[in-house]
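Residue numbers (the working numbering): 1 to 756. Beta carbons: idealized from backbone N, C-alpha and C, even for Gly.
Shown next as structure tokens:
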């Protein structure tokens with residue numbers, strides 16, 4: 001065996017070793033979440049893509065046969081649609097770099113077909129083994145959290161989802177969308193024993209990850225793919241599915257299956273009935289459609305929707321910051337309009353027609369096609385196309401499906417001399433130069449930006465300012481650059497540069513409330529009251545939920561004498577940020593009223609409503625509160641201990657997986673003079689990190705991360721004069737400040753849960 005391995009290794013050419021190493025690097029690290037945050041890894045990924053395209057070009061130039069498929073023309077049409085959208089884009093610089101990525105992914109299809117045809121086992125191993133190795137520690141981490149749940153004495157079975165869980169691939173919902181394609185591609189491994197070992201390992205690791213992901217989109221994708229894949233088999237076996245006599249073994253198997261199904265249903269039912277993520281997606285889709293409506297035919301242009309969506313959101317609707325649209329068709333519609341959506345549907349329809357499961361000749365091809373269809377259906381609610389590794393998995397599945405359906409022909413590229421070929425080559429070369437140039441600018445700017453935020457993380461704001469200024473000079477189109485520069489320059493003592501950068505940040509992204517509040521505060525410091533007032537109003541209108549923009553806008557507008565706007569901003573801050581009343585007392589009473597926020601689905605607004613009413617001296621009505629933990633706190637605010645204990649017990653029974661429940665449990669037990677050690681351990685387990693010490697002093701971080709742009713910002717993203725929402729004691733200990741002295745426990749109500 002060892003001699004065979006040595007002989008195999010010696011037989012490999014340097015180019016083959018390079019290809020193997022590249023595949024392992026991509027699927028083992030730089031194809032996943034970390035790369036989205038690190039421009040240096042993105043640069044490596046882009047160089048790999050260019051290298052693959054150059055190798056493909058060398059093959060063509062040397063007369064080697066290259067693949068041709070029925071997808072070629074629809075794919076070119078989709079590229080043309082994105083190119084048209086780029087020409088009319090809201091931000092040409094952002095769209096050009098996105099167009100370069102789209103073109104590179106399109107070029108990966110022939111590369112994938114060549115790899116699968118000539119080295120199927122390599123493809124199967126290089127893809128599946130790194131994903132398997134990355135998945136093992138993910139599963140261990142998730143299981144450890146559930147074991148902690150049991151050991152700390154939490155009620156009931158551990159929930160599918162717990163807060164603060166992330167993976168190497170991204171959020172906890174992502175692994176199923178990675179493991180399932182990897183399992184399908186592992187079928188390419190030619191040695192039966194090795195293939196079975198890898199696929200079995202992926203199943204053993206994948207099943208619990210699929211369950212614990214709590215991803216209904218993944219479950220839908222699996223159900224759809226399984227149904228599509230099993231239908232042909234079921235049809236062939238239909239004559240065997242007639243009624244039969246029930247044996248004892250069959251009865252036992254039926255009972256066991258029923259018990260397993262019941263346990264599974266009990267486990268997943270709470271997740272299946274959760275509506276918060278659907279409401280969140282609804283808000284995301286609403287803002288995406290609002291941005292798209294500015295140009296229905298061609299959309300906003302690729303690569304700019306995360307920012308266009310913020311700018312298009314209605315005032316005071318608390319826009320969502322996300323890098324994608326959680327819906328593949330809607331994402332294409334937003335980026336390339338109706339033209340792009342039509343081209344994409346033609347491409348998908350062609351793929352389904354020529355390489356669907358019904359056209360497959362072997363189980364490997366049928367599996368690949370079924371998984372693709374499942375991913376497409378899951379893509380109606382989940383969009384992972386921002387992950388390079390996921391895109392490459394999908395492209396490899398397409399290659400397998402096409403080859404298995406015998407829809408790939410092979411021919412050498414014939415270059416006939418003439419004016420037409422010269423014009424074609426010149427035009428193609430010019431387009432390639434533009435796209436490569438856009439990528440170079442984007443990568444150079446991003447690397448300089450990363451250097452700047454790294455310096456900021458080290459506390460060197462002067463050096464950070466220099467690097468960020470360089471990043472903005474290189475890349476004048478990315479909205480993150482000037483916003484970060486404004487913060488760094490202000491901290492480094494350069495107010496003029498900070499003010500100029502803040503103005504540029506609001507021009508590039510008019511929906512960025514943080515950029516607006518920075519501009520407002522810098523304008524005020526510069527003596528420009530009109531600019532400060534206008535920016536303050538915009539900051540309030542575009543503010544995020546649970547963020548400090550509204551409170552800063554209220555304070556600024558109050559100083560400028562805009563009482564009505566200041567009152568409304570402070571009221572909204574009370575209703576959207578728990579710390580508001582603990583950070584800033586308001587000089588006037590404001591009517592809170594019902595305090596409902598139709599745009600917000602997060603139950604935390606109910607706690608905000610209680611604190612807002614307390615701050616304004618309005619009565620607290622526990623019966624109006626639906627969340628049991630918050631209702632318990634409302635009773636505690638009214639010194640109604642027995643009712644508070646009853647509702648707190650209900651919260652621990654019904655919503656034990658929510659951080660808010662355990663925050664309130666710890667606070668009320670402490671106020672009631674009950675031991676809190678066990679309650680704190682339980683709260684820490686649910687949080688995924690230590691429960692805050694009441695003496696903790698929260699400072700300004702060195703950097704903060706924004707998922708909407710995959711960029712870090714210096715400090716907390718705000719200039720020095722911004723009001724922070726830090727309190728001492730930290731939240732949730734601040735909640736004790738609004739509670740009256742509690743009566744002693746009665747014999748019938750000795751306290752709630754978590755005895756120390």
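Exercise. Which residues in the same chain have their Cβ closer than 7 Å to the Cβ of residue 69, if we skip the five residues on either side of it in sequence?
Worked result: 402, 407, 408
Exercise. Touch check for the segment 146–159 and the segment 320–334: three-plus C-beta pairs under 8 Å?
Worked result: Result no; under three Cβ-Cβ pairs closer than 8 Å.
Problem set entry | Per-residue burial, residue 104 [other beta carbons within 10 Å of its own, 16 or more giving buried] | buried
Exercise. Measuring CA to CA, which of 6, 663, 517 is closest to residue 578?
Worked result: 663
Problem set entry | Selected residue, minimal CA-CA separation from residue 780, among 127, 375, 59, 198 | The structure shown has nothing for residue 780, since the chain only spans 1 to 756.
Exercise. Between the beta-carbon of residue 332 and the beta-carbon of residue 341, is there less than 8 Å?
Worked result: yes
Exercise. Which partner residues of residue 713 appear in the DSSP bridge assignment?
Worked result: 704
Exercise. Per the contact definition of three or more C-beta pairs closer than 8 Å, is the segment 715–723 in contact with the segment 687–697?
Worked result: no
Exercise. Thinking just about the alpha-carbon of each residue, which of 134, 187, 726 is nearest to the one in residue 176?
Worked result: Per the C-alpha coordinates, the member of 134, 187, 726 positioned closest to residue 176 is 134.
Problem set entry | Closest residue to residue 521 among 6, 723, 367, 181 (Cα-Cα distance) | 723
Exercise. Between which two residues does the beta strand (DSSP E) containing residue 822 stretch?
Worked result: Since the first and last residues shown for the chain are 1 and 756, residue 822 lies out of range.
For this session: Would you tell me roughly how many angstroms separate the C-alpha atoms of residue 541 and residue 674, rounded to the nearest one?
Result: Their backbone Cα atoms lie some 44 Å apart in a straight line.
Problem set entry | Alpha-carbon to alpha-carbon, residue 157 and residue 631 | 24 Å
For this session: Identify every residue that forms a DSSP beta bridge with residue 370.
Result: Answer is none; residue 370 lacks a bridge partner.
Exercise. In this structure, what does DSSP give as the bridge partners for residue 167?
Worked result: 170
Exercise. Using the beta-carbon count (16 or more within 10 Å), is residue 439 buried or exposed?
Worked result: buried
Exercise. Between 518, 525, 138, which lies nearest to residue 538 when the distance is taken from Cα to Cα?
Worked result: 518
For this session: Could you name the residues of the same chain whose beta carbon sits closer than 7 Å to that of residue 98, not counting the 5 residues immediately before and after it, in chain order?
Result: 302, 303
Exercise. Quick one: what's got a C-beta closer than 6 Å to residue 468's C-beta in the same chain, skipping five residues either side?
Worked result: Excluding sequence positions up to five before and after residue 468, its CB lies within less than 6 Å of the CB of 452, 484, 485, 488, all in the same chain and listed in chain order.
For this session: Could you tell me the boundaries of the beta strand (DSSP E) in which residue 477 lies?
Result: No beta strand (DSSP E) contains residue 477, which DSSP labels as neither H nor E.
Exercise. Near residue 757, which residues of its chain fall below 8 Å by C-beta distance, leaving aside the five closest residues on each side in sequence?
Worked result: Residue 757 lies beyond the range of the chain shown here (1 to 756); nothing can be said about it.
Exercise. Taking the continuous alpha helix (DSSP H) assigned at residue 412, which residues delimit it?
Worked result: Element bounds for residue 412: not the alpha helix (DSSP H) but the beta strand (DSSP E), 409–412.
Problem set entry | Through-space distance from residue 710 to residue 450, alpha-carbon basis | 11 Å
Problem set entry | Every unbroken alpha helix (DSSP H) inside the segment 174–210 [4 residues or more] | 175–186
Exercise. Going by C-alpha distance, which of 395, 9, 567 is nearest residue 371?
Worked result: 395
Exercise. With respect to the alpha helix (DSSP H) encompassing residue 46, which residues constitute its N-terminal and C-terminal limits?
Worked result: 39–61
Problem set entry | Extent of the continuous alpha helix (DSSP H) to which residue 645 belongs | 641–654
Exercise. Would DSSP call residue 672 helix, strand or coil?
Worked result: coil
Exercise. How far does the alpha helix (DSSP H) with residue 149 in it reach, from first residue to last?
Worked result: DSSP places residue 149 inside the alpha helix (DSSP H), whose first and last residues are 120–151.
For this session: State the DSSP-derived secondary structure class of residue 161, mapped to helix, strand or coil.
Result: coil
Problem set entry | Local Cβ density within 10 Å of residue 741, reported as buried at 16 or more and exposed below that | exposed
For this session: Could you tell me the boundaries of the alpha helix (DSSP H) in which residue 23 lies?
Result: 14–25
Exercise. Taking just the CA atoms, how far does residue 210 sit from residue 222?
Worked result: 9 Å
Exercise. Beta carbon of residue 659, beta carbon of residue 680: below 8 Å?
Worked result: no
Problem set entry | Cβ contact (3+ pairs, closer than 8 Å) linking the segment 357–377 and the segment 304–318 | no
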